[in-house]
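Chemist: First the structure, which I've put down as structure tokens, then a few questions once you've had a look.
Number of protein chains: 6
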Amino acid sequence: MRPSGRTASQIRPVTLTRNYTCHAEGSVLVEFGNTKVLCNATVEEGVPRFMKGQGKGWITAEYSMLPRATHTRSDREASRGKQGGRTLEIQRLIARSLRAAVDLKLLGENTIMVDCDVIQADGGTRTASITGACVALVDALTYMRSKGILKANPLKHMIAALSVGIYQGVPVADLEYLEDSEAETDMNVVMTETGKLIEVQGTAEGEPFSFEELQELMDIAKHGLRELFDIQKAALA
Amino acid sequence: MRPSGRTASQIRPVTLTRNYTCHAEGSVLVEFGNTKVLCNATVEEGVPRFMKGQGKGWITAEYSMLPRATHTRSDREASRGKQGGRTLEIQRLIARSLRAAVDLKLLGENTIMVDCDVIQADGGTRTASITGACVALVDALTYMRSKGILKANPLKHMIAALSVGIYQGVPVADLEYLEDSEAETDMNVVMTETGKLIEVQGTAEGEPFSFEELQELMDIAKHGLRELFDIQKAALA
Amino acid sequence: MRPSGRTASQIRPVTLTRNYTCHAEGSVLVEFGNTKVLCNATVEEGVPRFMKGQGKGWITAEYSMLPRATHTRSDREASRGKQGGRTLEIQRLIARSLRAAVDLKLLGENTIMVDCDVIQADGGTRTASITGACVALVDALTYMRSKGILKANPLKHMIAALSVGIYQGVPVADLEYLEDSEAETDMNVVMTETGKLIEVQGTAEGEPFSFEELQELMDIAKHGLRELFDIQKAALA
Amino acid sequence: MRPSGRTASQIRPVTLTRNYTCHAEGSVLVEFGNTKVLCNATVEEGVPRFMKGQGKGWITAEYSMLPRATHTRSDREASRGKQGGRTLEIQRLIARSLRAAVDLKLLGENTIMVDCDVIQADGGTRTASITGACVALVDALTYMRSKGILKANPLKHMIAALSVGIYQGVPVADLEYLEDSEAETDMNVVMTETGKLIEVQGTAEGEPFSFEELQELMDIAKHGLRELFDIQKAALA
Amino acid sequence: MRPSGRTASQIRPVTLTRNYTCHAEGSVLVEFGNTKVLCNATVEEGVPRFMKGQGKGWITAEYSMLPRATHTRSDREASRGKQGGRTLEIQRLIARSLRAAVDLKLLGENTIMVDCDVIQADGGTRTASITGACVALVDALTYMRSKGILKANPLKHMIAALSVGIYQGVPVADLEYLEDSEAETDMNVVMTETGKLIEVQGTAEGEPFSFEELQELMDIAKHGLRELFDIQKAALA
Amino acid sequence: MRPSGRTASQIRPVTLTRNYTCHAEGSVLVEFGNTKVLCNATVEEGVPRFMKGQGKGWITAEYSMLPRATHTRSDREASRGKQGGRTLEIQRLIARSLRAAVDLKLLGENTIMVDCDVIQADGGTRTASITGACVALVDALTYMRSKGILKANPLKHMIAALSVGIYQGVPVADLEYLEDSEAETDMNVVMTETGKLIEVQGTAEGEPFSFEELQELMDIAKHGLRELFDIQKAALA
């Protein structure tokens, strides 16, 4: 039995609020239950130095948790003077995932930077970030087309992400903090709306897991991700 | 004529939403028009090293803008590896102001840390932060009393803050970004509900201002601050 | 009664020694009693990136205290690896004040950087810095004219700064350390020689202060600043 | 056809040289073809602050590439002043994997720190690091038992790691740099000698991969990992 | 012929002004011609962590140049966020030299920190620093004895330092900037008043130097250092 | 009697293994007994900004110890976020020495960066680094000539370095750690194969040393350095 009473494969209520703030070219508040992340996409002319002259665009991301997004306050990274390993790992994952959704050649020499700031955390902040960031990215691309910056739509397919894990011996979808902190295995899956995989990151937090459990977790993830694509589509409609 | 059609002394609609997030002991979203700041107060046992053994508490603050709170994206301070001078200046101001509202002896050897994170900026983020942070502080103090951490209420008086300035030659209250970026003089005033001053910071951005103009700005500030105290009281009722 | 026997409005003996060091284009040792600050102005061709192409110049400042300028040694900021909030706040204030004294268009695309290094501290280091830096700035401008870098004098008016405060219930001018550390209110006022205000920064260190006290402090400041302008003029004669 | 002429599932020649340096409690040079990593395990009394008083030990890791381990020189992280995201991600992976091999309670309040320094890189440095670090860890545990620091052997099972990927459309094992830089999918698998999974990290570098391809990659990884366990056993014999 | 008209072995006029600032336990302005360094010695109870419990004291030093101590302004290290290699090298040299002058056991578990801040530079700042710092150290030791912190005088012997070099083919003493910047060899010698060596650091800036030239430079250094000891003695008399 | 049974002037067995790694333009493992340093020379087009437009090349160096190169583990500098003073001092010494071996004009606007990474430390790592780095430098220059980057050989003469010191009252050559940690005087000498001096750095760790002892140390150094030049020549043959 899950703390929330959800079934093993049931994800939390997910909402995607577009235009959440007024300045960004794409601004989406994504909520997976009590997990709330603000995803702001910024369009900038030009690309980083290592990409110059290739006629291709770039997509990057930054991730941060507000210090009191969590049960106990964590130090502010700006004040400590560096971003932690977890932060860097997550923002690299978000950026890689978003780049897999876009034809960088069609983007031209432009950069889209997506900021994912966690307002409130209750498990699954990185997968919520990716799911929301993709919608903010679409809004930014629409903005670019409306301004004549882009001629064709560089979006190859939507992407979404879901966490799955083994909680009390049972594979479950979309773990909230209470489950996550006790889970034996924790896995994040990033998928395209066409059912292909972008990222699979599974970690045994307690006991190692079997090849069969990996298979089960992948199945449950695929199922939940289908729902997320429907929610994204509805939000963009 | 002000861009918003407001009169010279008219402040923007101000809302204070308590319990905006679920983890912090005090959590207030403060809005001054389009300026939105999330103020989270965290209660921690103990005090910083330099305060130890004095039987007194401590209140401190951190301030940050989300990178895309503004018209164009600004670098994330965590990623640059240090907080800028403006950030440090503002969070020192917020902390000093809050400490002036509280009898630190009655707080015991406990620390309250208030995080002010600007979700959306349209001028006056530091004064909105102080005004919201004071309400979050009150909620944190109430929490402490409910838990038996405090015996008496250490709050001496509410505080609130307002920006005033000279815009197109006229002293006006609560400048929004459009006004702020053109103002000749910019002043931030922090006041107690008993009508005394905590901080006055006036800066000539363009032409120097006269002693008389300082007087006028102080008058207009006092008037607007009275309104803010009413709004705080209503929010806490 | 003040520790020094001074009257409430009496400032300390102030001296301005020009050409204190031999390399800088302007080099002034300013002394307010035991407070001694070396202000070196450096002229550099070009402007920072954000100012380029506007045909205007730039003035900036850096402030530092020698580690043992004070009663007890404070950590060297270069060794800690970052400048503290107080330092950044002060050098921002100095730079803003100096820029208000100069017509940046007449400066052309040149930068003047003023370094204010506190050799010995006894209260009022930031206001002494501004007062001395303005003289160093004038010497640097003279140097630029002598070299043909400037055609017209960009100086709009001299500026000077003074600290005032409420000590034992009485508004006094030019607080030394003993007074400063006990003062209930501390205020720094930057004024032009034409009697207009550049900056007003008042802080209640203990009890909040009234609007009337603000008025009295401003009066006492104006009086002391007049004296400072005479001393500057004599030094430049 | 692979550049090296290897079959799809064939791993490179792997050697594990124990006691490679003379000071560390465990010191192993691991070579996967031209990839060479020095893994030094250090035993230290006590545990980090967040682990104190739990009667448990801790295992952590640091990873670094010598600047010229690669085709072109990369900046030295010590000189740039911070470790990059890739480095942090890898050393977090190594440490998590090693902790999964050990019963931390049996380790007592001791720390083992494993340094993985890449002398020469030709693909697969993180998986080579884990494979070699596990042997260095075993040597460090043996040292601890010989010194009477440990009463029982805390090793639960050996672990090893292998990279697999899709190169020119075909799933292959143990990619060298030439393959890695062109691979469409890159996956790192950490397994126990008992055939269970510790970590699975798959990333689509080019085209997304299917659920079936994930399955194939897992199969090929399992096969190669079995060989690695034999090589580890031989080295420890 | 030297630019100053000095003979090869002639040092510049050297002055040592004690009690130059009022807060430090030892405060000496040392001048070697136009080179001016303020040496402040601070006495602190206790020793750094790595020295604790040995019943011995510690002496350390920090060195810095004011940004405009030189012909062209150099960046402020506090603002760049780190001390450069040259600075660290010099302050390590000063500290080692001072420790060689003192019996650390007689110092008890106390620390003396000497800050050497270069007000104006014209060559030889590190040797001037050592020469002046030793006098400041003596004053700090006298202070400690007067306060009853020390029972015996821990000073073993005075130390002084001098730069020598090969300028236009001729070994000369106490190079000023004009000579230093053209010198083929630059050597710094730290000696005790008893005629023994603490440090010898010779560097070929242009052509390598012979073993015979090393000998000549040592002779000329010894001669100049004898003068410095006389000047120190006179200053302390 | 020395711990190793060596005579006073006897250096340890020295080996120079060229092409130790496969990517660098020059790659030498240098061993002085148990001290092992990997010296990798990298050729890069262009020069640092401060050298541009002079038609001259640049040679620089970086030095690092693997954390467990020593008896007890030292912190990784990349992880602490800055290089220590000792590291900066050593890499400045290596770079200065290498530059003295080369005619920078003949190098053209190219940079050679030599990385010296200490794999295992047993005293004398900086002198071993210089001795090995010079061979790596020669290999890099040969590479540059073979690629047509250089027309003439810019090498002026080989350089080598040796540590000497006073151990138990006796001047000895090439101190290993056991001797080094007890030595009263420690001296590093960098010499050209033509018998001239590049650097002499002598430090009294315990008792000050006499001018005569300096002479004896120089003699013993010269003798050992002759041997090192023979070993370099043999390695390059």
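Protein chains in written order, with the UniProt record's numbering: chain A, 1 to 237; chain B, 1 to 237; chain C, 1 to 237; chain D, 1 to 237; chain E, 1 to 237; chain F, 1 to 237. C-beta: ideal position from N, C-alpha, C; glycine also. Here the structure is a predicted model, which is why all the values come from computation and not from measurement.
#1: List, in chain order, every chain D residue whose beta-carbon is nearer than 9 Å to that of G55 of chain A.
#2: So, using beta-carbon positions, are L214 of chain C and G202 of chain C closer together than 9 Å?
#3: Residues of chain B with CB under 8 Å from G224 of chain C, in chain order?
#4: Using only CA atoms, which one of B:R49, B:P48 and B:S27 lies nearest to N40 of chain B?
#5: Among the candidates B:L175, B:V47, B:R73 and B:G5, whose CA atom is the shortest distance from the CA of C22 of chain A?
#6: Apart from the five residues on each side of it in sequence, which residues of its chain come closer than 7 Å, Cβ to Cβ, to V30 of chain C?
#7: Nearest CA to the CA of S4 of chain A: which residue from A:C116, A:I149 and A:L178?
#8: Tell me, to the nearest whole angstrom, how far the beta carbon of A160 of chain F is from that of M191 of chain F; I am working on the premise that it is less than 8 Å.
#9: Can L93 of chain E and K56 of chain E be called in contact, C-beta distance under 9 Å?
#10: Which class does G81 of chain D belong to by DSSP, given the choice of helix, strand or coil?
#11: How many Å lie between K196 of chain C and A78 of chain B at the Cα?
#12: Within 9 Å (strictly less), CB to CB, does M113 of chain D reach chain F?
#13: Short of 7 Å in beta carbon distance, which residues of its chain neighbour A69 of chain D, apart from the five on each side in sequence? Order them along the chain.
#14: With DSSP as the reference, identify every bridge partner of N34 of chain A, one or two as the case may be.
#15: With 9 Å set as the bound, which would you pick, yes or no: does the beta-carbon of K196 of chain D sit closer than that to a beta-carbon of chain H?
#16: Closer than 7 Å by C-beta to P13 of chain A: which residues in its own chain qualify, once you throw out the five before and the five after it? Chain order, please.
#17: Can you find a C-beta in chain D that's less than 9 Å from the C-beta of T42 of chain F?
#18: Give a yes or no on whether the C-beta atoms belonging to E184 of chain E and F209 of chain E are separated by under 9 Å.
#19: How would you call E212 of chain C, buried or exposed, if buried means at least 16 neighbouring beta carbons within 10 angstroms?
#20: For G165 of chain A, which beta-bridge partners are listed by DSSP?
#21: Residue 290 of chain E bridges to which residues according to DSSP?
#22: Quick one: does residue 266 of chain E have its CB under 9 Å from some CB of chain C?
#23: Among F:A173, F:C116, F:G165 and F:T194, which residue has its Cα nearest to the Cα of G224 of chain F?
#24: State buried or exposed for S181 of chain C, treating a residue as buried only when at least 16 other CB atoms are found within 10 Å of its CB.
#25: Between the beta-carbon of T125 of chain C and the beta-carbon of T60 of chain C, is there less than 9 Å?
#26: Within 10 angstroms of its Cβ, does F229 of chain F collect 16 or more other Cβ (buried), or is it exposed?
#27: Looking at the unbroken alpha helix (DSSP H) that takes in Q201 of chain D, where does it start and where does it end?
#28: Among C:W58, C:D75, C:L175 and C:I90, which one has its Cα closest to the Cα of A100 of chain C?
#29: Looking at D139 of chain E: is its Cβ nearer than 9 Å to the Cβ of E25 of chain E?
#30: T70 of chain A by DSSP, collapsed to three states: which one?
#31: In the DSSP assignment, find the unbroken beta strand (DSSP E) run with V14 of chain F in it and report its ends.
#32: Starting from H223 of chain E, trace the alpha helix (DSSP H) both ways and give me its first and last residue.
#33: Compile a chain-ordered list of the residues in the region 200 to 221 of chain D whose CB is closer than 7 Å to at least one CB of chain A.
#34: Would Q83 of chain D pass as a contact of S64 of chain D if the rule is Cβ separation under 9 Å?
#35: Can you grab the Cα-Cα spacing for the pair I90 of chain C / K52 of chain B, in whole Å?
Modeler: Looking at the coordinates:
#1: As a first step, residue 55 of chain A is located in the first sequence; it is residue number 55 there, counting from the start. Chain D residues near G55 of chain A: none, gap ~18 Å exceeds 9 Å.
#2: As a first step, residue 214 of chain C is located in the third sequence; it is residue number 214 there, counting from the start. As a first step, residue 202 of chain C is located in the third sequence; it is residue number 202 there, counting from the start. Going by C-beta atoms, L214 of chain C is nearer than 9 Å to G202 of chain C.
#3: Numbered from its first residue, the third sequence carries residue 224 of chain C at position 224. Chain order gives no chain B residues near G224 of chain C, where near means a beta carbon separation below 8 Å; the closest approach is about 14 Å.
#4: The residue labelled residue 40 of chain B in the question sits at position 40 within the second sequence. N40 of chain B has its Cα closest to that of B:S27, out of B:R49, B:P48 and B:S27.
#5: Counted from its first residue, the first sequence places residue 22 of chain A at position 22. Closest option to C22 of chain A, judged by alpha-carbon separation, among B:L175, B:V47, B:R73 and B:G5: B:R73.
#6: Stepping through the third sequence from its first residue, residue 30 of chain C is reached at position 30. So the list reads L16, V37, C39, A128, T131 and G132, once near-sequence residues are dropped.
#7: Against the first sequence, residue 4 of chain A aligns to sequence position 4. Residue A:L178 holds the alpha-carbon nearest to the alpha-carbon of S4 of chain A among A:C116, A:I149 and A:L178.
#8: Here residue 160 of chain F corresponds to residue number 160 of the sixth sequence, with the count starting at 1. Here residue 191 of chain F corresponds to residue number 191 of the sixth sequence, with the count starting at 1. About 6 Å separates the Cβ atoms of A160 of chain F and M191 of chain F, confirming a contact at the 8 Å cut-off.
#9: Taking the fifth sequence and counting its residues from 1, one reaches residue 93 of chain E at position 93. Taking the fifth sequence and counting its residues from 1, one reaches residue 56 of chain E at position 56. No, Cβ-Cβ distance for L93 of chain E and K56 of chain E is not below 9 Å.
#10: Here residue 81 of chain D corresponds to residue number 81 of the fourth sequence, with the count starting at 1. In the three-state reduction of the DSSP assignment, G81 of chain D falls in the coil class, being assigned neither a helical nor a strand state.
#11: To locate residue 196 of chain C, count along the third sequence from 1; it is residue 196. To locate residue 78 of chain B, count along the second sequence from 1; it is residue 78. Inter-residue distance for K196 of chain C and A78 of chain B is about 40 Å (C-alpha atoms, whole angstroms).
#12: Working through the fourth sequence from its first residue, we reach residue 113 of chain D at position 113. Chain F contact via Cβ: present.
#13: Locating residue 69 of chain D in the fourth sequence gives position 69, where the first residue counts as 1. The residues are V118, I119, Q120 and A121.
#14: Here residue 34 of chain A refers to the residue found at position 34 when the first sequence is read from its first residue. Note: N34 of chain A sits in no beta bridge, so no partner.
#15: Within the model displayed, chain H is absent; protein chains A, B, C, D, E and F are what it includes.
#16: Stepping through the first sequence from its first residue, residue 13 of chain A is reached at position 13. Here the set comprises G33.
#17: Here residue 42 of chain F refers to the residue found at position 42 when the sixth sequence is read from its first residue. Interface residue, yes.
#18: To locate residue 184 of chain E, count along the fifth sequence from 1; it is residue 184. To locate residue 209 of chain E, count along the fifth sequence from 1; it is residue 209. For E184 of chain E and F209 of chain E, yes; Cβs fall inside 9 Å.
#19: The residue you call residue 212 of chain C lines up with position 212 of the third sequence. So E212 of chain C counts as exposed.
#20: On the first sequence, position 165 is the one that residue 165 of chain A refers to. DSSP lists A:V172 and A:D186 as the beta-bridge partner residues of G165 of chain A.
#21: Outside the displayed range of chain E (1 to 237) lies residue 290 of chain E, so it cannot be described from this structure.
#22: Because chain E spans 1 through 237 in this model, residue 266 of chain E falls outside it and cannot be assessed.
#23: By one-based count along the sixth sequence, residue 224 of chain F stands at place 224. For G224 of chain F, the closest alpha carbon among the candidates F:A173, F:C116, F:G165 and F:T194 is that of F:A173.
#24: The residue you call residue 181 of chain C lines up with position 181 of the third sequence. Classification for S181 of chain C: exposed.
#25: The residue labelled residue 125 of chain C in the question sits at position 125 within the third sequence. The residue labelled residue 60 of chain C in the question sits at position 60 within the third sequence. Contact: no.
#26: Locating residue 229 of chain F in the sixth sequence gives position 229, where the first residue counts as 1. With 16 or more Cβ atoms within 10 Å of its Cβ, F229 of chain F is classed as buried.
#27: To locate residue 201 of chain D, count along the fourth sequence from 1; it is residue 201. Segment L197 to A204 is the beta strand (DSSP E) holding Q201 of chain D; no alpha helix (DSSP H) there.
#28: By 1-based counting over the third sequence, the position of residue 100 of chain C is 100. If we check each option's Cα against that of A100 of chain C, C:W58 comes out closest.
#29: Residue numbering aside, residue 139 of chain E sits at position 139 when the fifth sequence is read from its first letter. Residue numbering aside, residue 25 of chain E sits at position 25 when the fifth sequence is read from its first letter. Taking 9 Å as the Cβ cut-off, D139 of chain E and E25 of chain E qualify as a contacting pair.
#30: Along the first sequence, read from residue 1 onward, the residue named residue 70 of chain A stands at position 70. Three-state result, T70 of chain A: coil.
#31: As a first step, residue 14 of chain F must be located in the sixth sequence, where it is residue number 14. Run containing V14 of chain F: V14 to R18, per the beta strand (DSSP E) assignment.
#32: Position 223 of the fifth sequence holds residue 223 of chain E. Residues F211 to L236.
#33: Residues of the region 200 to 221 of chain D with a C-beta atom less than 7 Å from some C-beta of chain A are V200, Q201, G202, T203, A204, P208, F209, S210, F211, L214 and M218, listed in chain order.
#34: On the fourth sequence, position 83 is the one that residue 83 of chain D refers to. On the fourth sequence, position 64 is the one that residue 64 of chain D refers to. Judged by their CB atoms, Q83 of chain D and S64 of chain D are nearer to each other than the 9 Å cut-off.
#35: What you label residue 90 of chain C is simply residue 90 of the third sequence in a count that begins at 1. What you label residue 52 of chain B is simply residue 52 of the second sequence in a count that begins at 1. Distance from the CA atom of I90 of chain C to the CA atom of K52 of chain B, rounded to whole angstroms, is 28 Å.
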